[in-house]
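Colleague: Dropping the structure in here first, questions after.
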Amino acid sequence: PEDCVVSGWSEWSECSMGCSIESDIGVRYRNRTVIGPPGKTGHPCPSQDDMVQFENCNTHGCYGLSWLVLPWTDCNGTCGHGTQTRDVWCMKGNDKKVKDENCKELPKPITVRDCSKDCKSKICVLSDWSDWSECPQDSCINEQTDLTKFKRQRNRVILGGESCGPILEEESCPIPNKICPTYNLVFGSWSHCELAEGVTCGHGLRTRDFRCKDNDSLVYVELKNCLQSLNVTPSSVERCHVDCQTPCQMTEWSHWSSCPQPCSGLRTRTRELIGDSISHPACKGVRLVETTKCPCSEYFSQPTSDWSFCLTNETDGCGAGTRYRSLGCYNVNNHLVDPA
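With this note's numbering, letter number 26 in the sequence shown gets 12, and the count goes up by one each step, no holes.
Pasting the structure below:
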């Protein structure tokens, strides 16, 4: 071609700053290069200034309220005049999007601007096709296998110009006709609640064994077969609790259930008797379910441990004293958060 051939724009560089402090605002850039110089009668190449683009990024403040400016869209015009748009979000701190009205005291960056596109036709310049990707190496399939993955691809890169043809090709790969064996975890019973030496009640641990069984042959096999096929590692240890008032062994309290909305409805948490405590007469009246009103605040505290033993200042161990328990700070989704 007689005209200057220019590559497409590169990807944007990393932003120079993660957030902005007063007038110190992040910047990123992208560029393009000349692939082929123009002929004697061809359209000249763009100036050096037109080969690099800069724009502000991460303009939101590092603290307080600020506007977060997202990248401009491509120019929507096909020839000559067009427009570009971008989203601008009101942010609290560095990571929480809030309603725009919260930032009304701050000047809002523009969200629409004019742009222009070259009306002169540009001949598409493509690289050669890449090599085909490898086919999946699976030797068998089962009900969970995604059959759409049995494909291979090759691609080519747009080096410059417009109105280019396809840049990605796919073709099918052979699908294995062998069915994969299936496995299942077989769990043993939980042990009694084991406490620290010299302790008769309070928090402890209980354990259980588990093995892997081939569902076809019903033979126990190496545990790695189950862990690979199920993609999960089950727990073999969990916390438990022995009540200091009764000889009852229980699991820890579950997390509180979710609330439909703040200040509305009830939430519950549960625990279970374990071991011999399930049938022990003294454990029949033990409270296994707790219910409370949903909190009105976005954050609330709740106990994360039982009360400690009563601690007194008296040498004989009796009289008025103090006992303690830990509290955690939770949000309305029952996630533990920083109390600060």
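Yeah, the Cβ is synthetic: ideal placement off N, Cα and C, and Gly gets one too.
Remember, predicted model here, so these are calculated numbers, not experimental data.
Quick one: measure Cβ to Cβ for Asp(-11) and Pro24, integer angstroms, because I've assumed they're closer than 8 Å.
Modeller: In the sequence shown, the residue the question calls residue -11 occupies position 3. In the sequence shown, the residue the question calls residue 24 occupies position 38. Confirmed, about 6 Å.
Colleague: Where does Asn201 sit, in a helix, a strand or coil, going by DSSP?
Modeller: Counted from its first residue, the sequence shown places residue 201 at position 215. Coil, per DSSP.
Colleague: Enumerate, from N- to C-terminal direction, the unbroken beta strand (DSSP E) stretches of 3 or more residues contained entirely within the region 72 to 121.
Modeller: Within the region 72 to 121, the complete beta strand (DSSP E) runs of at least 3 residues are 74 to 78, 82 to 84, 98 to 103.
Colleague: Would you identify the three-state DSSP class for Pro267, choosing helix, strand or coil?
Modeller: Within the sequence shown, the letter at position 281 stands for residue 267. Pro267: helix per DSSP, three-state reduction.
Colleague: According to the neighbour-count rule (16 or more other Cβ atoms, all chains shown, within 10 Å of its Cβ), is Gln235 buried or exposed?
Modeller: Position 249 of the sequence shown, counted from the first residue, corresponds to residue 235. Answer is buried; the Cβ neighbour count reaches 16.
Colleague: In chain order, what residues of the same chain have a beta carbon less than 7 Å from the beta carbon of Cys187, not counting five sequence neighbours either side?
Modeller: Position 201 of the sequence shown, counting from 1, holds the residue named residue 187. Result list for Cys187: Val228, Asp229, Cys230, in chain order.
Colleague: In whole angstroms, give me the CA-to-CA distance for Val223 and Leu145.
Modeller: The residue you call residue 223 lines up with position 237 of the sequence shown. The residue you call residue 145 lines up with position 159 of the sequence shown. Cα to Cα, Val223 sits roughly 57 Å from Leu145.
Colleague: Are there 16 or more other CB atoms within 10 angstroms of the CB of Ile311, so buried, or fewer, so exposed?
Modeller: Here residue 311 refers to the residue found at position 325 when the sequence shown is read from its first residue. Position check: residue 311 holds Arg in this sequence, whereas Ile was assumed. When all chains shown are included, Arg311 counts as exposed.
Colleague: With distance defined between alpha-carbon atoms, name the residue in Gly307, Pro325, Ala306 nearest to Leu313.
Modeller: Translated into the one-based positions of the sequence shown, residue 313 becomes position 327. Nearest of Gly307, Pro325, Ala306 to Leu313, Cα basis: Pro325.
Colleague: Can you list, in chain order, the stretches of the alpha helix (DSSP H) that have 4 or more residues and sit fully within the region 9 to 40?
Modeller: Those alpha helix (DSSP H) runs which fall completely within the region 9 to 40 and span 4+ residues do not exist here.
Colleague: Going by CA-CA distance only, name the one from Trp239, Leu171, Gln214 that's closest to Cys226.
Modeller: Residue 226 sits at position 240 when you count from the first residue of the sequence shown. Of the listed residues, the one whose Cα sits closest to Cys226 is Trp239.
Colleague: How many angstroms separate the CA atom of Pro93 from the CA atom of Asp60?
Modeller: Residue 93 sits at position 107 when you count from the first residue of the sequence shown. Residue 60 sits at position 74 when you count from the first residue of the sequence shown. So the alpha carbons of these two residues sit roughly 24 Å apart.
Colleague: Does DSSP put Leu181 in a helix, a strand or coil?
Modeller: One-based indexing of the sequence shown puts residue 181 at position 195. Residue state, collapsed to three classes: coil.
Colleague: Measure the alpha-carbon distance for Trp118 versus Pro152 and round it to whole angstroms.
Modeller: The residue you call residue 118 lines up with position 132 of the sequence shown. The residue you call residue 152 lines up with position 166 of the sequence shown. Going by the C-alpha atoms only, they are around 15 Å apart.
Colleague: Is Asn211 helix, strand or coil by DSSP?
Modeller: Working through the sequence shown from its first residue, we reach residue 211 at position 225. Reduced to three states, the DSSP call for Asn211 is helix.
Colleague: Runs of 3 residues minimum, wholly inside the region 239 to 267: which ones carry the beta strand (DSSP E) assignment?
Modeller: With a minimum length of 3 residues, the continuous beta strand (DSSP E) runs that stay inside the region 239 to 267 are 252 to 256.
Colleague: Please report the Cβ distance between Val(-9) and Val143, rounded to the nearest whole angstrom; I am assuming they are in contact, meaning their Cβ atoms lie under 8 Å.
Modeller: For the purposes of this step, residue -9 is identified with residue 5 of the sequence shown, where counting begins at 1. For the purposes of this step, residue 143 is identified with residue 157 of the sequence shown, where counting begins at 1. No, Val(-9) and Val143 are not in contact; Cβ-Cβ is about 14 Å, not under 8 Å.
Colleague: Alpha carbon to alpha carbon, what distance is there between Phe136 and Ile96?
Modeller: Here residue 96 refers to the residue found at position 110 when the sequence shown is read from its first residue. Here residue 136 refers to the residue found at position 150 when the sequence shown is read from its first residue. Approximately 47 Å, taken between the alpha carbons.
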